[in-house]
Amino acid sequence: MLVLNCATKLLTLEKVLKSHFPESLKVYGAVMNINRGNPFQKEVVLDSWPDFNAIITRRQKEAETDNLDHYTNGYAVFYKDVRVYRRLLEERDVINWDQAFHIQGLQSELYDVTKAVADSKQLDVKITSSKAVLLSPVSAPLDTSLLRSSPPRLTYLSVADADLLNQTWSRGGNEQCRRYLASLIACFPSVCVRDEKGCPVSWSITDQFATMCHGYTLPEHRRKGYSRLVALTLARKLHSRGFPMQGNVLDDNAASISLLKTLNAEFLPCRFHRLVLIPAALSSQVHL
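Heads up: the sequence shown runs through residues 97 to 384, numbered per this note's numbering.
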């Protein structure tokens, strides 16, 4: 195991990962954030340098952690050789197996290999698999005509909005998620539409892997064009900072898939996999 903490090498790694799109997208997004101030206190672990075969991004050892917070305790994975990825998993001190956490990536063997190691350590593994997409913000027109009268107003989220996001996210509804969403809002780009009372009615945020996520519009404000406006605005904001405009969508989310098609999104050949791992001792305390 090697922890890559040299700024010059991390910039080189960013360029190398770009040549392995789309499978390297999640690790690439995490590395980009590390190279731009590292607001989420991440670090890179790999088997060797410069000729690596497996890479994992994780929270720094000194970062404050909650053992029940599988949202914040996130790892991204990219490998050229799945056997080397497994050896990294099995190495001491690469993964904190005593806490709830999640691993994500865009490679097909990720689940089977991770589950085999997790089973040997008596951790439960739950997987969510979805379509991976890339947006091209310049390929779809941005219609701001619905905002010509104020309100509504196009702006960004604040940490005070974390409660609303926690209540409306399908993966939310608990304190760990609320804190995680507040951290994402504080650290990364977001976009929202606010009503005449200043309350968010439509929004999207960016996560620790530079992925656009939790795109949501309150039911009473749907079919007004807000979701399209928010998604395109956030994609353009990420594009202006050099980030890939990546996202994930569940197979049965027909409304979001339809919206993405109108935005000329590219549905990638690889799928996004998110694995939540929970030690047996914590299973009754962790919220999914």
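All C-beta atoms, glycine included, are put in the ideal place defined by N, C-alpha and C.
Euclidean distance between Cα positions of residue i and residue j
i	j	result
VAL297	GLN203	35 angstroms
VAL99	SER120	18 angstroms
LEU325	GLY343	16 angstroms
PRO248	ASP291	5 angstroms
GLN195	ASN129	24 angstroms
GLY268	TYR276	10 angstroms
GLY321	ASN349	17 angstroms
GLN137	PHE339	18 angstroms
LEU334	MET341	6 angstroms
ARG155	THR302	17 angstroms
GLU186	ILE152	13 angstroms
CYS366	ARG179	19 angstroms
TYR181	PHE197	17 angstroms
One or two residues paired with residue i in a DSSP bridge
i	result
ILE152	VAL141, VAL173
CYS309	ILE301
ALA100	Position check: residue 100 holds Leu in this sequence, whereas Ala was assumed. For LEU100, which the question treats as bridged, DSSP gives the partners VAL140.
LEU249	Per the sequence shown, residue 249 should be read as Arg rather than Leu. Partner(s): ARG290.
ASP220	ILE374
VAL345	LYS227
GLU160	DSSP, once it has assigned bridges, lists no residue as partnering GLU160.
ASP197	According to the sequence displayed, residue 197 carries Phe and not Asp. DSSP, once it has assigned bridges, lists LEU373 as partnering PHE197.
ARG367	LYS227
GLU362	LEU230
Sequence-distant residues of its chain with Cβ nearer than 8 angstroms to residue i (five each side left out)
i	result
ASN270	ASN262, HIS383
LEU106	LEU100, VAL127, ILE130, ASN131, VAL140
GLN218	PRO375, ALA376
LEU280	SER286, ILE301, THR302, ASP303, GLN304
Cβ-based burial, residue i [other Cβ within 10 Å; buried from 16]
i	result
GLN96	Only positions 97 to 384 of the chain appear in the structure, and residue 96 is not among them; the question remains open.
SER115	exposed
ARG337	exposed
Sequence-distant residues of its chain with Cβ nearer than 6 angstroms to residue i (five each side left out)
i	result
LYS122	ALA172, GLN200, GLY201, PHE305
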